[in-house]
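Remarks on the structure that follows.
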């Protein structure tokens, strides 16, 4: 391709002074019509089925205060069984109070995140007990691993918020939230996740955010600056820490993602319509309690429904059923008008081709189903038990590709290129045309991991797989990392708070 | 998960007599609305731009007979430059003659294929000069490799037709078509691909199909029983063998796929709208010639437009631009009302995570863009230079997942599972419910490659990657292979024909 080489020199000379490619991944809007698996009538049937489940079967709420709040709003409560039955009107009233769009406030204006409408945010894996990389393999996650994952999350704009990526198991649970929040708040300015592991830990976490953002309690509670995910205990149960978390987050006006984790064939019915009915009922119950505590507080409709392997009971992700369930969940979220959180996932034990195809299948299901927030979009391995450094990087290629797909294709006269085609004529090439020269630096996505060299060159440079290249990339990103600026006084105040609370014994994980 | 184990025994007992899962992958209908990147006005602008290109710039046709046929239909021909200019009316007349749906006739009724509307067919890699597997690596393809690929294609219903998978380089080119067609016709009953490498080879290939299917020449030409792909020489050229192929296929009423191979930034404009304008013009020219030779003969609108790496000139596949170009190509195919062939692809040199994510990105682009035929959907590696045995298998997981996604989600009263949810109640599980027992054998897709076991069991069983499992799968499929039945007399006639033609010196690849 001598012609190309020659023209490449011309292009390189032309580069001086010309602006390079610059796509803002910080605010993404998905222009595609969401995909659907149900008719409007079927969506309505599932919605009404869920309302009937809450009214006739009810949900068991293990937290007494939670039951009381629901009762005060008119729910029927059986204190012996702890089962709460919700009339349709109570749920509908709660739904009408929930905002259609949520604006989360980050550590800098550029990190604010809008959830709702066609806006899309991508997040990494959350909550994995283990870390892995191809140098050291799988091991219990440490604080050092978590800090590295936070730095990597901070380094890529296509990850819009900071997930609770991995559990640092070398930190005792009563002190762990200090370590994780300190990493989140000093190594990143993205909106952080707070775990609901008891009111004490939540209170501490809110306080740490308040300190670092320089806010009074009143200022803090006026807008959401962090978020949590509560999972119901399917089928139809809300445990004590989760219910406490709903109440704490509502009272502080912070964002709740109410996500039942419904595996069809195990803790949910084996049919997609049945699993979605159960998921919908549980999500509605959590959302209702949250809106009862503070009407108008920001909440996302969460879904994470897949299926199990009926031969072993193992959870499966990225299956065709997972994709269809995501499409259906998106329809249900739009039915009730709330922003929708979905998930990617894989059951693979290695960062291999299965890990990739399952993650991508589920991500397409979520994104093309119209999700507003994709959780577990990068680095999730082994059914969520492991956060993989290499997979984080290779998954980012997918997320950046989605971000690029969302950019409009222009189709003006210059784009149609009639003159360029005429000037080149039959049998020519477009390498050096003016039309190409004007656009070559900005026309195409430049990949993060992909190697497009030919077999000879690829072999000469070590025949590295994408996973091996990803290993090099995350190490380089860590070497290049610079933490966002943080006022030294605020940082000292944070460290003082952590030191004091540590002396006081920290906070237990029960409520 | 003791409960699951216990219930699993109950389910295993219940299995006796119950029908297992059985999904027919042979005829797939995509129920999803095609995705779009252009407004209707923009689609019309590209269509009109292409017509203007053909009218004002024209296409160079190197084949004299082709020019004559176009001239006789009213085209302006400059014999010095060999450039043919086509008035809009000629193209529109050709388009109005082309059928909207094509029914291809296979070696048995179950192998017939419908192209058009919402029907979708998947095909493997085609035309790779090399084969690879993880035991022996990359090497020039041999007839033994090709025969194995044909057997594997025959073994999976989700591959609907037989592509010209790989070039057996151990067979001389003047005899190669006898070997490839013999493999296609004796090891498979799927609709075969015929290469357009000169009229002699095409005539021989038609004759071999006629013999094996037991048809007179007249019967053969009454319905399409094979297909070819012709690539224009972008920009705006049709070479001699391709033009001859268009004429030969039209005269015999066999199916043509007219596919420009437009790499934006190289042989096509760097803009998506420009590259699609060029692709559209070239496809329209080929379709027009084909319809002039035999109005109403079956033809597909083919697209394979991606972009190059502007730093090296290397072709790239599965890029965001590739996906968007596919969505746009689908819109253009629907504008002219023809069935649409699209493609998956990857530039990766190894069957690694890059190979998977690029293939899957491009496959989603094609399938969700509404393609009727996906070429290169399984086994394509290294920009099409290599057919990989392991990647064929892992890609089949994706294709089967698409096939499953296309199946309707039922949402009747039993699917909504209200009674099952009530019977299980809060805190229970669905493993052993009647609702689950009635459905567990048929509810979910059973994967081909995916391993959903936990890390401990996976490690005990050798910690195999998906690619290593795929290696075992293709070998097992070959060991289990049974060729479709073929009348011994027809087979003898085929071998007699091949022996005679071989004695006569075969057929050269020029026209």
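Protein chains in written order, with our numbering: chain A, 1 to 511; chain B, 1 to 511. Glycine included, every Cβ here is placed at the ideal spot set by N, Cα and C. These figures come from a predicted structure and were not determined experimentally.
DSSP-derived helix/strand/coil call for residue i
i, result
"residue 223 of chain B", "coil"
"residue 258 of chain B", "strand"
"residue 49 of chain B", "helix"
"residue 440 of chain A", "coil"
"residue 291 of chain B", "helix"
"residue 190 of chain B", "coil"
"residue 23 of chain B", "coil"
"residue 39 of chain B", "coil"
"residue 421 of chain B", "helix"
"residue 449 of chain A", "coil"
"residue 316 of chain B", "strand"
"residue 410 of chain B", "coil"
"residue 507 of chain B", "coil"
"residue 341 of chain A", "strand"
"residue 246 of chain A", "helix"
Endpoints, the alpha helix (DSSP H) within which residue i is located
i, result
"residue 125 of chain B", "Counting along the chain, residue 125 of chain B falls outside any alpha helix (DSSP H), and DSSP gives it neither H nor E."
"residue 213 of chain A", "199 to 213"
"residue 484 of chain A", "Where residue 484 of chain A is concerned, there is no enclosing alpha helix (DSSP H), given that its DSSP letter is neither H nor E."
"residue 413 of chain B", "413 to 416"
"residue 150 of chain A", "143 to 155"
Boundaries of the beta strand (DSSP E) in which residue i is found, first to last residue
i, result
"residue 76 of chain A", "76 to 78"
"residue 500 of chain B", "That residue, residue 500 of chain B, is in no beta strand (DSSP E); its alpha helix (DSSP H) goes 488 to 503."
"residue 307 of chain B", "304 to 308"
"residue 322 of chain A", "Taken as a continuous stretch (DSSP letters only), residue 322 of chain A belongs to no beta strand (DSSP E), being part of the alpha helix (DSSP H) at 320 to 336."
"residue 110 of chain B", "Careful: residue 110 of chain B lies outside any beta strand (DSSP E) and carries neither H nor E."
"residue 87 of chain A", "That residue, residue 87 of chain A, is in no beta strand (DSSP E); it is neither H nor E in DSSP."
"residue 132 of chain B", "130 to 133"
"residue 362 of chain B", "From DSSP, residue 362 of chain B is part of no beta strand (DSSP E) but of the alpha helix (DSSP H) over 353 to 368."
"residue 60 of chain A", "59 to 61"
"residue 140 of chain B", "137 to 140"
Interface flag, residue i vs chain B, CB-CB below 7 Å
i, result
"residue 467 of chain A", "yes"
"residue 309 of chain A", "yes"
"residue 356 of chain A", "yes"
"residue 443 of chain A", "yes"
"residue 415 of chain A", "yes"
"residue 141 of chain A", "no"
"residue 32 of chain A", "yes"
"residue 236 of chain A", "yes"
"residue 458 of chain A", "yes"
"residue 2 of chain A", "For residue 2 of chain A, the predicted structure reports a pLDDT of 41, less than 50, and the residue's modelled location is therefore unreliable. The matter cannot be settled from this model."
CB of residue i within 7 Å of CB of residue j, strictly
i, j, result
"residue 91 of chain B", "residue 284 of chain B", "yes"
"residue 208 of chain B", "residue 181 of chain B", "yes"
"residue 298 of chain A", "residue 242 of chain A", "no"
"residue 248 of chain A", "residue 202 of chain A", "yes"
"residue 280 of chain B", "residue 332 of chain B", "yes"
"residue 330 of chain B", "residue 369 of chain B", "yes"
"residue 29 of chain B", "residue 324 of chain B", "no"
"residue 82 of chain A", "residue 32 of chain B", "no"
"residue 258 of chain B", "residue 275 of chain B", "no"
CB contact check: residue i to chain A, cutoff 7 Å
i, result
"residue 85 of chain B", "no"
"residue 273 of chain B", "yes"
"residue 261 of chain B", "no"
"residue 330 of chain B", "no"
"residue 47 of chain B", "no"
"residue 450 of chain B", "yes"
"residue 349 of chain B", "yes"
"residue 25 of chain B", "no"
"residue 352 of chain B", "yes"
"residue 255 of chain B", "no"
Cβ-heavy atom distance, residue i to the ligand ZN, below 6 Å
i, result
"residue 392 of chain A", "Among the components modelled here there is no ligand, and therefore nothing to report on the ligand ZN."
Bridge partner(s) assigned by DSSP for residue i
i, result
"residue 386 of chain B", "B:130, B:381"
"residue 237 of chain B", "B:60"
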